[in-house]
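*Asks:* Dropping a structure here in structure tokens format, bear with me for questions.
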Amino acid sequence: EDNDDVAALAKGLGSVSIAPKPDLKEPIAPEEIRNVASLLASNKYKNIVVLTGAGVSCNAGIPDFRTPGTGLYDNLQKYNLPFPEAVFDLGYYRRNPSAFVQLASELWPGKHSPTITHSFIALLEKKEMLLRVYTQNIDMLDVLAGVSEEKMIECHGHFRTASCINCNRSYDGKECKRIIVEEVRAPECQHCRGYVKPDIVFFGESLPTLYHRMVRKDMKKADLLIVMGTSLMVGPVNQIPDIVRRDCPRVLFNNELVGSFRRKNGPNTRRKSYDTSAKRDIFHEGDCDRSVRMLCTLLGWEHELDELNRSHHLG
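Everything in the sequence shown is counted per our numbering, starting at 7 for the first residue and increasing by one.
The following block contains the structure:
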């Protein structure tokens, strides 16, 4: 009888379709990530412009500026500033440099490693797809991640060099760092005794000449724009998404819709679609690193991404 029961069970199971065991490594990527992957996999885009803000560095341990509660501007009470932005105000620095000096001594680049997003940008260059990076950040993590300096436009400056705020004479960048980080005081110009600061752009200062020289040329040449981790609240950099060509697709990896991405098809409704089956703009909400990892997994780039990130990790 037992043999008859086994035979009957086997016969019944013969008509049952058993689903294959799911591959737990297979990413379940949202449609918008798959759309971006399709663009990059097409090999059509060789002049990609990337625009980044503070959000791409948060996972490195560097706070952004405006997130309520955790942002830099919400945590400056100890400096007794008249308003949060005063810490980066040229006039205020001229009168009272101590607040910026204290902050700079804590945030000076060299203590943080690049994020996965920084490594993704370096990977785009490695694959000869990157035209330029326009970053609003002053943390220099793009360069540390392996992006060539000639590919970088650091819109708000950097800490590598320094100059006097009065006579504009150059000052040794390493000595500026030593005085601010070790002595926690503002360096003084040897020529006019004015205060010296790193060459980061304060409110009241113009953006670097290189930005003005390159931005229009690059946006005319750009065939894909990727915007990541920015509120797009600070001009003139926030205008970049609006000056790319009409047929240039725009991608936004961010925690929220910002700028002209909030308007259907961008600010100019006459812009033609880059693809008759898709919108010109692609927005994926969420953490930049997570979005980038999903994208690279779909493209088969994840191993390269991780290797690149590990090779530039500090300590």
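All residues carry an ideal CB built from backbone N, CA and C; glycine is no exception.
This one's a predicted model, so the numbers in the text were calculated from it and none came from an experiment.
Just the C-alpha distance for K278 and F289, rounded to the nearest angstrom, thanks.
*Replies:* Within the sequence shown, the letter at position 272 stands for residue 278. Within the sequence shown, the letter at position 283 stands for residue 289. With a pLDDT of 49 at K278, under the threshold of 50, the modelled position of that residue is not reliable, and the figure given next carries that caveat. Straight-line Cα distance between these residues: approximately 18 Å.
*Asks:* Could you tell me whether any non-hydrogen atom of the ligand FMN is closer than 7 Å to the CB of R222?
*Replies:* This structure does not include the ligand FMN; it has no bound ligands of any sort.
*Asks:* Under 7 Å Cβ to Cβ from P115, same chain only, skipping five residues before and after it: list those, please.
*Replies:* By 1-based counting over the sequence shown, the position of residue 115 is 109. Hits under 7 Å: D145, M146, F165.
*Asks:* Can you tell me which of the three DSSP states V250 falls into?
*Replies:* Counting from 1 along the sequence shown, the entry for residue 250 is found at position 244. Reduced to three states, the DSSP call for V250 is coil.
*Asks:* Specify the secondary structure class of S327 as computed by DSSP and reduced to three states.
*Replies:* Because the chain here runs from 7 to 321, residue 327 falls outside it and cannot be looked at.
*Asks:* On the CB-based measure, 16 or more other CB atoms within 10 Å of its CB, does H162 come out buried or exposed?
*Replies:* To locate residue 162, count along the sequence shown from 1; it is residue 156. H162 should be labelled buried.
*Asks:* Going by DSSP, what residue range makes up the alpha helix (DSSP H) through I127?
*Replies:* As a working note, residue 127 is residue 121 in the sequence shown. Run containing I127: 122-132, per the alpha helix (DSSP H) assignment.
*Asks:* Express the C-alpha separation of P193 and G200 in angstroms, rounding to a whole number.
*Replies:* Position 194 of the sequence shown, counted from the first residue, corresponds to residue 200. Position 187 of the sequence shown, counted from the first residue, corresponds to residue 193. Cα-Cα distance, rounded: 9 Å.
*Asks:* Can you tell me which of R269, C294, C254 puts its alpha carbon nearest to the alpha carbon of T236?
*Replies:* Indexing the sequence shown from 1 puts residue 236 at position 230. For the residues R269, C294, C254, the minimum Cα distance to T236 belongs to C294.
*Asks:* With DSSP run on the structure shown, which of helix, strand or coil describes P204?
*Replies:* Within the sequence shown, numbered from 1, the residue matching residue 204 stands at position 198. Strand at P204.
*Asks:* Could you round the C-beta distance between A35 and L305 to whole angstroms and report it? I think they count as a contact, below 8 Å.
*Replies:* In the sequence shown, residue 35 corresponds to position 29, counting from 1. In the sequence shown, residue 305 corresponds to position 299, counting from 1. With a beta-carbon spacing of about 11 Å, A35 and L305 fall beyond the 8 Å limit used to define contacts.
*Asks:* Consult DSSP for F209 and reduce its assignment to one of helix, strand or coil.
*Replies:* In the sequence shown, residue 209 corresponds to position 203, counting from 1. Of the three classes helix, strand and coil, the one that applies to F209 here is strand, per DSSP.
*Asks:* What residues match up with M234 in a beta bridge as DSSP calls it?
*Replies:* By 1-based counting over the sequence shown, the position of residue 234 is 228. Answer is T58, F259, bridged to M234.
*Asks:* Got a sec, what are the start and stop residues for the alpha helix (DSSP H) F165 sits in?
*Replies:* Stepping through the sequence shown from its first residue, residue 165 is reached at position 159. Premise fails: F165 lies in the beta strand (DSSP E), 163-170, not in any alpha helix (DSSP H).
*Asks:* Name the one or two DSSP bridge partners that L136 has.
*Replies:* Here residue 136 refers to the residue found at position 130 when the sequence shown is read from its first residue. For L136, which the question treats as bridged, DSSP gives the partners I54.
*Asks:* K226: which of K50, Y85, L137 sits nearest, CA to CA?
*Replies:* By 1-based counting over the sequence shown, the position of residue 226 is 220. Selected option, being the one with the closest Cα: L137.
*Asks:* Is the beta carbon of L258 sitting closer than 8 Å to the one on D287?
*Replies:* Stepping through the sequence shown from its first residue, residue 258 is reached at position 252. Stepping through the sequence shown from its first residue, residue 287 is reached at position 281. Pairing L258 with D287 gives a Cβ-Cβ distance under 8 Å.
*Asks:* Can you check which of these residues, E262, S104, L109, V55, is closest to A128 by C-alpha distance?
*Replies:* Along the sequence shown, one-based indexing puts residue 128 at 122. For A128, the nearest C-alpha among the options comes from V55.
*Asks:* Can you tell me whether D224 is helix, strand or coil according to DSSP?
*Replies:* As a working note, residue 224 is residue 218 in the sequence shown. The answer is helix: DSSP assigns D224 an H, G or I state.
*Asks:* Considering only the beta carbon of each residue, do A43 and L301 sit closer than 8 Å?
*Replies:* For the purposes of this step, residue 43 is taken as the residue at position 37 of the sequence shown. For the purposes of this step, residue 301 is taken as the residue at position 295 of the sequence shown. Against a cut-off of 8 Å, the Cβ pair of L301 and A43 comes out as a contact.
*Asks:* Suppose you measure from the CA of L213 to the CA of H309; what does that come to, to the nearest Å?
*Replies:* As a first step, residue 213 is located in the sequence shown; it is residue number 207 there, counting from the start. As a first step, residue 309 is located in the sequence shown; it is residue number 303 there, counting from the start. Between L213 and H309, the C-alpha separation is close to 37 Å.
*Asks:* The beta strand (DSSP E) that contains F289, what's its start and end?
*Replies:* For the purposes of this step, residue 289 is taken as residue 283 along the sequence shown, with counting starting at 1. According to the DSSP assignment, F289 belongs to the beta strand (DSSP E) that extends over 287-291.
*Asks:* How long is the line joining the alpha carbons of E134 and K52, rounded to whole angstroms?
*Replies:* In the sequence shown, counting from the first residue as 1, residue 134 sits at position 128. In the sequence shown, counting from the first residue as 1, residue 52 sits at position 46. Going from the Cα of E134 to the Cα of K52 covers about 7 Å.
*Asks:* Would you call R256 buried or exposed, if buried means 16 or more other Cβ atoms sit within 10 Å of its Cβ?
*Replies:* In the sequence shown, the residue the question calls residue 256 occupies position 250. Buried, because 16 or more other Cβ atoms sit within 10 Å of the Cβ of R256.
*Asks:* Return the CA-CA distance between G61 and V233, expressed in angstroms with no decimal places.
*Replies:* By 1-based counting over the sequence shown, the position of residue 61 is 55. By 1-based counting over the sequence shown, the position of residue 233 is 227. Spanning the two alpha carbons is a distance of roughly 11 Å.
*Asks:* Alpha carbon to alpha carbon, how far is W307 from N172? Give it in angstroms, no decimals.
*Replies:* Translated into positions along the sequence shown, residue 172 becomes position 166. Translated into positions along the sequence shown, residue 307 becomes position 301. C-alpha separation (whole angstroms): 48 Å.
*Asks:* Going by DSSP in three states, M146 sits in which element: helix, strand or coil?
*Replies:* Counting from 1 along the sequence shown, the entry for residue 146 is found at position 140. M146: coil per DSSP, three-state reduction.
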